[in-house]
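In order, the protein sequences belong to chains A and B.
Letter by letter, the first sequence follows residues 2 to 343 in my numbering.
Letter by letter, the second sequence follows residues 2 to 343 in my numbering.
Encoded as structure tokens, the structure appears first; notes follow it.
There are 2 protein chains.
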Amino acid sequence: MLTERQQMILLAIVDNYIQFAEPVGSRTISKRDDIGFSSATIRNEMADLEELGYLEQPHTSAGRIPSNKGYRFYVDHLVSDPLRKIQEVHRIRRLFADQFFEFEQIMNHAASILSSMTNYTSFVMGHEINHTRLKMIQMIPLNDRSAVLIMVTDKGKVESKTIIIPEGINKDDLQKMVNYLNTRLQGTLMAELRSRLHNEVTVEIQRYMQDYEQILQVIEDTFKKKKDERVFMKGTTNILMQPEFRDVEKVREILNLFEQNEVLIRILGSRKDGIEVRIGTENNEQAISNCSIITATYHFDDKPVGTVGILGPTRMEYGKVITILHSLSGNMTRVLQNIYKD
Amino acid sequence: MLTERQQMILLAIVDNYIQFAEPVGSRTISKRDDIGFSSATIRNEMADLEELGYLEQPHTSAGRIPSNKGYRFYVDHLVSDPLRKIQEVHRIRRLFADQFFEFEQIMNHAASILSSMTNYTSFVMGHEINHTRLKMIQMIPLNDRSAVLIMVTDKGKVESKTIIIPEGINKDDLQKMVNYLNTRLQGTLMAELRSRLHNEVTVEIQRYMQDYEQILQVIEDTFKKKKDERVFMKGTTNILMQPEFRDVEKVREILNLFEQNEVLIRILGSRKDGIEVRIGTENNEQAISNCSIITATYHFDDKPVGTVGILGPTRMEYGKVITILHSLSGNMTRVLQNIYKD
DNA sequence: TATTAGCACTCAATTAAAACGAGTGCTAAA
DNA sequence: TTTAGCACTCGTTTTAATTGAGTGCTAATA
């Protein structure tokens, strides 16, 4: 357990390092108004803190920098600055006052606000599949051989896929089938759509229609495709302004990661409800081992339906970011509820 | 006018610089099998070529590098390597053999092929608005206050927008209006849609319906929104592997550019039919003043309907890229024609 | 016993100087 | 017209010296 004084010193060091990105020396700390000890005393404490794993020393004659454990301690003992809180909360509420009525718009806007307010990389992601329901399926013929299949969810999201109509299939019959699918599947949770289609509907259709295996296959593909949830990112280049990314090799690594949607989804998807902070290696991903990710969930009908977050160096302004994320996710929840409540 | 020998030397220098990214010295050139002159002779010619503006010297005791003018000469005098041509053409044709039947799929796939075959940044862009026609408008109610408006083009592209239904508007009337719009606007070029809606249809509707200014406004907005053509990019990080981008500041500049869709569209949109090469400052954009962009157009019904291209350092493998782009655009044209011909 | 002044020590970063060498331009000979 | 030869240039690399921020330890102090 850390003594009162050790805690003070540790927090002061992390604060300072977050601000200046330089190893912090004992004299720097002892000069602070809120610390009434000589540099020698600080040095002793620092040595202890290092031994306990909260600090690291780049080399013998340098100051200390926080370890992951140090950041973790800092984050777990953060006290929010009430003044800033009020300012930022107001600002976000104002920015969200505009009229929105689309999921995508909201996500996009939220990502923009985040990256511009924090100067880190922001992302917004909805795992809609868990709570949206099918509103309607439509088929619109393009020409003799192809048609567009459209699915609309109750949140106004539209998925479409162009299909090739198999030889010898009558277009009217196809239309009938779509109608039938509608009566059977309307209101089904998107997550259950595929299995219901496969288990119940297919069997029934085949009883009184023939040669529809192909077309059913196509429709099933359309539903399957839905898997790629979109991640809205903004300010990917913000991270390049951080001094820890002066090396192009590091930049390449991380930008590469940004290009791989699946990896992003894996990293961001499994977040617990509320605010979560993952520091450095806690993210289990080599490329961002010196980055932290802070996420917050937003809700619909009291269930978490999406994640909004920030990626920055471990040396991140945790307090500020958490405040902003907290406020933003709340606003998103409010707006969503307003728009989509029945 | 350059002498035969000057041309040989210039082309050799550009070749070498493209390959090794190092200033080329006179001895390097004189040692090549196809050049039968001493380094001293080469030096004299180099001095002349520099005076003529084809070469530059980073400093007195360094070799020469090509100027933009030098690259321009090189590109204009490229002779394609027939062997490589055959190999790459075959490879692309094979990669395009899969089944595609969607615009987006094709664009995405094309961008992937491009970036992986060239190791530069690739982009694919369709200016569909100039040649697609409206197939159908649909309105699907979500709840009492909102509905989704869907537009489908004859190329199977689906645009959608959630709208808020103004107070006091009857949903059935709304549906009637959509039906009416369909009869009037089906087959209209997307580019002309807005003006037709505004000039002809609105007037007529207002004659026998009242209080529909609001809802018409909403519909008009939906059409307007269509403007943001999507640019498919792949391999944005490839460019970071080029030695000319070892400096993070340069990287930041160019990645910033990539984030600004409008700027990209401006740069890429105004391309002439066929293959075009713009070298360095010819692109009129500070951030890519040491990059070249090579583009090719693909066609539908003999009209150019989109652009596919590569962005890389001015020190680019022009021959290879041109071959690939030529072949790829041809394949895209073929596939598009196959799918969408009536 | 806890704190601190004092001092020797460490080591990355900076600066200065020296050596290197790739490549040039020019001249004079072939 | 071509080329061998050579002095010269100038960025790069190497080496050495200097600096200074910061530490750890010890002995004195409160």
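Each residue gets a CB set at the ideal place from its N, CA and C atoms; glycine is no exception.
- In this structure, VAL15 of chain A lies away from VAL153 of chain B, with their beta-carbon atoms at least 7 angstroms apart.
- Rounded to the nearest angstrom, the gap between the Cα atoms of ARG146 of chain B and GLU201 of chain B is 28 angstroms.
- For ASP174 of chain B, the closest of B:GLN207, B:LYS86, B:ILE66, B:ILE289 by C-alpha to C-alpha distance is B:GLN207.
- Close CB contacts of GLY188 of chain B within its chain, under the 7 angstroms cut and outside five residues either way in sequence, are with ARG134, LEU135 (chain order).
- Counting along the chain, HIS300 of chain A sits inside the beta strand (DSSP E) bounded by residues 292 to 301.
- In this structure, THR61 of chain B keeps its C-beta atom at 7 angstroms or more from the C-beta atom of ILE311 of chain B.
- Within chain B, no residue has its beta carbon less than 8 angstroms from that of THR298 of chain A; the closest one is some 23 angstroms off.
- Residue pairing of ALA148 of chain B in beta bridges, as defined by DSSP: B:PRO142, B:ILE164.
- For VAL252 of chain A, the three-state secondary structure derived from DSSP is helix.
- When the five nearest sequence neighbours on each side are left out, the beta carbons in the same chain lying within less than 6 angstroms of the beta carbon of MET108 of chain A are those of VAL125, PHE233, in order along the chain.
- Within the DSSP bridge table, the entry for VAL309 of chain B names B:VAL125, B:ALA297 as partners.
- At a beta-carbon threshold of 7 angstroms, the residues of chain A lying near VAL149 of chain B are VAL153, GLY157, VAL159, ordered along the chain.
- Taking 7 angstroms as the cut-off, the Cβ atoms of GLU105 of chain A and ILE325 of chain A do not count as close.
- Counted as a single uninterrupted DSSP element, the alpha helix (DSSP H) harbouring VAL336 of chain B occupies residues 319 to 341.
- In its chain, beyond the 5 residues on either side, PHE104, THR154, LYS156, LYS158, MET191, GLU230, VAL306, GLY307 have a beta carbon closer than 8 angstroms to the beta carbon of GLU129 of chain A.
- Residue range 5 to 21 is occupied by the alpha helix (DSSP H) that includes PHE21 of chain B.
- With the criterion set as a beta carbon lying under 8 angstroms from some beta carbon of chain A, the members of the region 239 to 262 of chain B are LEU241, MET242, PHE246, ARG247, ASP248, VAL249, VAL252, ARG253, LEU256, ASN257, GLU260, in sequence order.
- Rounded to the nearest angstrom, the Cβ distance from ILE43 of chain A to SER68 of chain A is 18 angstroms, too far for a contact under 8 angstroms.
- By the Cβ neighbour-count rule, LEU256 of chain A is buried, with 16 or more other Cβ atoms within 10 Å of its own.
- In the DSSP annotation of this structure, the continuous segment of the beta strand (DSSP E) that includes VAL278 of chain B starts and ends at 277 to 280.
- For MET333 of chain B, the closest Cβ of chain A is not nearer than 7 angstroms.
- Using beta-carbon distances, GLU205 of chain A does not count as an interface residue toward chain B, since no partner is under 7 angstroms.
- Proximity to ARG92 of chain A across A:MET242, A:ALA111, A:ILE170, A:VAL278 peaks at A:ALA111, based on C-alpha coordinates.
- Taking C-alpha positions only, ARG316 of chain A is separated from SER293 of chain A by approximately 8 angstroms.
- In the DSSP assignment, the residues bridged to LYS304 of chain A are A:PHE301.
- Chain-ordered, the chain B residues with CB closer than 7 angstroms to the CB of PHE102 of chain A read SER147, THR163, ILE165.
- When Cβ pairs closer than 8 angstroms are counted between the two stretches, the region 275 to 292 of chain B is seen not to touch the region 266 to 280 of chain A, the count staying below three.
- Here the region 32 to 43 of chain A makes no contact with the region 252 to 269 of chain A; the two share fewer than three CB pairs at distances below 8 angstroms.
- With 16 or more other Cβ atoms from the protein chains shown falling within 10 Å of its own Cβ, ARG65 of chain A counts as buried.
- Neighbourhood of THR237 of chain B in chain A, by CB distance below 8 angstroms: LEU256, GLU260, in chain order.
- Per DSSP, VAL232 of chain B lies in no alpha helix (DSSP H); the unbroken beta strand (DSSP E) holding it starts and ends at 232 to 235.
- Take the alpha-carbon of PHE102 of chain B and the one of THR163 of chain A: they are about 6 angstroms apart.
- Rounded to the nearest angstrom, the Cβ distance from GLY313 of chain B to THR122 of chain B is 7 angstroms, consistent with a contact under 8 angstroms.
- In the structure shown, ARG44 of chain B falls within a helical segment according to DSSP collapsed to helix, strand and coil.
- Every unbroken stretch of the alpha helix (DSSP H) spanning 4 or more residues and falling wholly within the region 79 to 104 of chain A is given here in chain order: 83 to 96.
- Between the alpha carbons of LEU50 of chain A and ARG335 of chain A lies a gap of roughly 44 angstroms.
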